[in-house]
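A.B. asks:
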Amino acid sequence: MDCKIFSCLFMTHLAILSLFFNDVSSFPSGYNNGPKNGYNNGYNGGYNNGHGSRGYGMTSNLDYRFYDRSCPRLQMIVKSGVWRAFKDDSRIAASLLRLHFHDCFVNGCDGSILLEDSEDFKGEKNALPNRNSVRGFDVIEDIKSDIESACPLTVSCADIVALAAREAVVITGGPFWPVPLGRRDSLTASEQAANTNLPSPFEPLENITAKFVSLGLDFKDVVVLSGAHTIGFAQCFVFKHRLFNFKGSGQPDPNLAASSNLLSTLKDTCPNVDSSNSNLAALDAASVVKFDNAYYVNLMNNVGLLDSDQILMSDSNAAALVKSYSENPYLFSRDFAVSMVKMGNIGVMTGSDGVIRAKCGFPG
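Mapping of the sequence shown onto mature numbering (1 follows the signal peptide of the UniProt record, and there is no 0): residues -26 to -1, 1 to 338, in sequence order.
1) Closest to ASN276 by C-alpha separation, out of ASN104, SER300, SER250, ALA255, would be which residue?
2) Rounded to the nearest angstrom, what separates ASN169 and GLN284 at their Cα positions?
3) Is it buried or exposed for ALA163, if we count other Cβ within 10 angstroms and need 16 for buried?
4) Take PRO154 as the anchor and find which of LEU273, VAL198, TYR38 has the nearest alpha-carbon.
5) Taking contact to mean at least 3 C-beta pairs separated by less than 8 angstroms, is the segment 291 to 310 in contact with the segment 87 to 100?
6) Please say whether ILE114 and ALA138 have beta carbons closer to each other than 8 angstroms?
7) Got a sec? Which residues, its chain only, sit under 7 angstroms from CYS83 by beta carbon, not counting five neighbours each side?
8) Figure out for me which residue from LEU286, PRO226, LYS221, GLN209 has the closest Cα to the Cα of LEU257.
9) Out of TYR304, ILE330, VAL198, which has the shortest C-alpha to C-alpha gap to ALA293?
10) I need the DSSP call for GLN225, collapsed to helix, strand or coil.
11) Taking C-alpha atoms, which residue in ARG331, ALA202, GLY338, ASP281 lies nearest to PHE265?
12) Are three or more beta carbon pairs between the segment 189 to 197 and the segment 100 to 119 nearer than 8 angstroms?
13) Taking C-beta to C-beta, are ILE240 and ALA255 nearer than 8 angstroms?
14) Going by Cα to Cα distance, which pick from PRO149, SER54, ASP159, LEU286 is closest to VAL329?
15) Determine contact between the segment 65 to 76 and the segment 101 to 115, defined as no fewer than three beta-carbon pairs at a distance below 8 angstroms.
16) If we call anything under 8 angstroms between Cβ atoms a contact, is VAL263 one with THR146?
17) What are the complete alpha helix (DSSP H) segments, minimum 4 residues, inside the segment 134 to 208?
18) With distances taken Cα to Cα, identify the nearest neighbour of CYS45 among PRO126, ASP63, ASP327, ASN219.
19) Would DSSP call VAL329 helix, strand or coil?
20) List, from N- to C-terminal side, the beta strand (DSSP E) runs of 3 residues or more that fit wholly inside the segment 217 to 283.
21) With burial defined as no fewer than 16 other Cβ atoms inside 10 Å of the residue's Cβ, what is the status of ALA184: buried or exposed?
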């Protein structure tokens, strides 16, 4: 009798878990058949402005099993590399996630952000949004070296960046999602495109949204992907005006001033002198290295750190999404996974386009 009761409870527990996590961690329908069955040139599951149905999207030339035969240990090698780096530096998780974002928003997810300057072009590393800010290049290069030992000239740096971003989220407690693979690496990079295309924390919401939309993303993706700020840090110069001279008033932002403890802590970290500009403050002080929905709780409490974070509450549609995610972490996890796959499809090169780099910092 006890055994029967235990079996029933166990099966019920499994059923509940599958309801919670089916959309986040299971592979999409059609996975076993590859890209020829169940996918079209658009996004599988449908993407529309209302996001009535949000499945895992992929382009027809990317394949979840792309390296199954040519590099079967790929995902384990990437996972091990990210774990190794995270053990030494917990900040690296947010850095790897941001690296993927900054790669995809400049001429597509092609690994161009990894390229050093050359005689032919000025790369993206020293563009204003990236200079002394974007990190993780050495981690990607170390992972690439391990992969080259196992599978020479097989795996693109662009795919490594996409996989590393997923592992960075998982390692900090966030959702798992299957990453479609088969991207090729670019031969060039563009500092100018990085300066133009990357959203700035100082821009109004409509400008940020326009940059997302121009790449095939939408307004919901703006709100969802902003949730990546649940981990990581920002340099003081990005938000210091909110502490001392908000909109030229000579006073703090009233939202932050309402939380005297937070304002005091931030002023201690970022005193009103130029030498503090590169100091770091947590984007989500409640859970610095935990990927959760606390970012949205902060916005509901009017204590988002960046202008571009708190400004989401100024739009009724964005505020409604923020409220939903603040109340339902599972909904945020599901939608974040979907938006990450969608972002990872931006401007990919496949087939004979591009190259597979031997070293990620050099095109040859």
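We put the beta carbon where it would ideally sit given N, CA and C, even for glycine.
C.D. replies: On the basis of the data shown:
1) SER300
2) 23 angstroms
3) buried
4) TYR38
5) no
6) yes
7) ASP77, ALA132, ALA136, ARG157, GLY318, ILE320, GLY321, VAL322
8) GLN209
9) VAL198
10) coil
11) ALA202
12) no
13) At residue 240 the sequence reads Leu, which differs from the Ile that was named. Contact flag set, yes.
14) ASP159
15) yes
16) yes
17) 165 to 171, 179 to 187, 193 to 200
18) PRO126
19) strand
20) 254 to 256
21) exposed
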